[in-house]
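Taking this note's numbering, the leading residue of the sequence shown gets 3, the next gets one more, and so forth.
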Amino acid sequence: MIENKPAKVLFKTIMPVLLLITLVISFDLFFPPIALSDLSYNNVMYKILTDFFDVIILIPFFVFCLSKHLFRFTTHRRCLVFLLLFLSLVFLLLILYNFSLVNVYAAFYYLIVIAFFEEITFRGYMFTVLNQHFSFNKSVVISGIVFGFSHGLYSFLLFGTSIFSVLNFIGGGIIGSYIFSFIYVKTKSLVFPIYFHALLDFCGFVLF
């Protein structure tokens, strides 16, 4: 069923996400994050503390989504269990491929901080709410634009990338949104998109 007031739905859905993004960016501007490539035993505690904040501010958002029954983490599909075990093995092999403090932390970082945070926000909450009022494709595009824009804005404000690169992030955000939303809908669980998202990011970091 299509909502009679789409603008109101968009506003109520997007604003909490923008607030969440603003909090994360504001914190990281005051406490600049350490790039994974610069991680060492001397600064690993600072890295853990700053990343931990991103998880902390997500907790109220996570509890709210659970209270509204917006997403599920469990599934009874047996094949999914084997896929998750396979992805876990891939994670382990990639870490062992070049075992180091950086790679071990990167596995945690991409799975817990990045993938968990982003999939809860953009698929578990935003896509789910939009898909209750709009078609699958519209929900993917709208959530993908915000998904990509948040990455582009973060990169622009913290790392000084070109403002025009935000457009590239938006394009990538829509593609990523389609992939992860499709997996989410088909598996009826956030577990697999979280794992898949983390694995893609981790592979890109370790292999490239």
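Idealized CB from N, CA, C, for every residue including glycine.
Presumed contact (8 Å Cβ cut-off) between residue i and residue j, rounded CB distance
| i | j | result |
| --- | --- | --- |
| residue 108 | residue 38 | 5 Å |
| residue 179 | residue 124 | 7 Å |
| residue 187 | residue 114 | Contact flag wrong, Cβ pair sits at about 24 Å. |
| residue 116 | residue 192 | Not really, about 14 Å apart at Cβ, beyond 8 Å. |
| residue 131 | residue 24 | Actually they are not in contact, since the Cβ atoms of residue 131 and residue 24 sit about 19 Å apart, beyond 8 Å. |
Euclidean distance between Cα positions of residue i and residue j
| i | j | result |
| --- | --- | --- |
| residue 208 | residue 181 | 22 Å |
| residue 155 | residue 168 | 7 Å |
| residue 22 | residue 73 | 18 Å |
| residue 134 | residue 45 | 44 Å |
| residue 176 | residue 51 | 31 Å |
| residue 49 | residue 40 | 10 Å |
| residue 142 | residue 47 | 37 Å |
| residue 158 | residue 202 | 22 Å |
| residue 165 | residue 152 | 12 Å |
| residue 172 | residue 145 | 10 Å |
| residue 67 | residue 127 | 7 Å |
| residue 111 | residue 11 | 33 Å |
| residue 196 | residue 118 | 6 Å |
| residue 174 | residue 33 | 27 Å |
| residue 183 | residue 13 | 21 Å |
| residue 137 | residue 53 | 35 Å |
| residue 198 | residue 206 | 12 Å |
| residue 18 | residue 7 | 18 Å |
| residue 3 | residue 190 | Annotation note: pLDDT 42 at residue 3 (below 50); position unreliable, coordinate value reported separately. Taking the straight line from one Cα to the other gives about 20 Å. |
| residue 162 | residue 27 | 13 Å |
| residue 150 | residue 160 | 15 Å |
| residue 62 | residue 30 | 19 Å |
| residue 64 | residue 55 | 14 Å |
Start and end residues, alpha helix (DSSP H) containing residue i
| i | result |
| --- | --- |
| residue 9 | 8–32 |
| residue 43 | That residue, residue 43, is in no alpha helix (DSSP H); it is neither H nor E in DSSP. |
| residue 105 | 103–110 |
| residue 132 | 130–133 |
Heavy atom of the ligand COA within 6 Å of residue i beta-carbon
| i | result |
| --- | --- |
| residue 62 | Here there are no bound small molecules, and the ligand COA is not part of this structure. |
Beta strand (DSSP E) segments (min. 3 residues) lying fully within the segment 144–196: none
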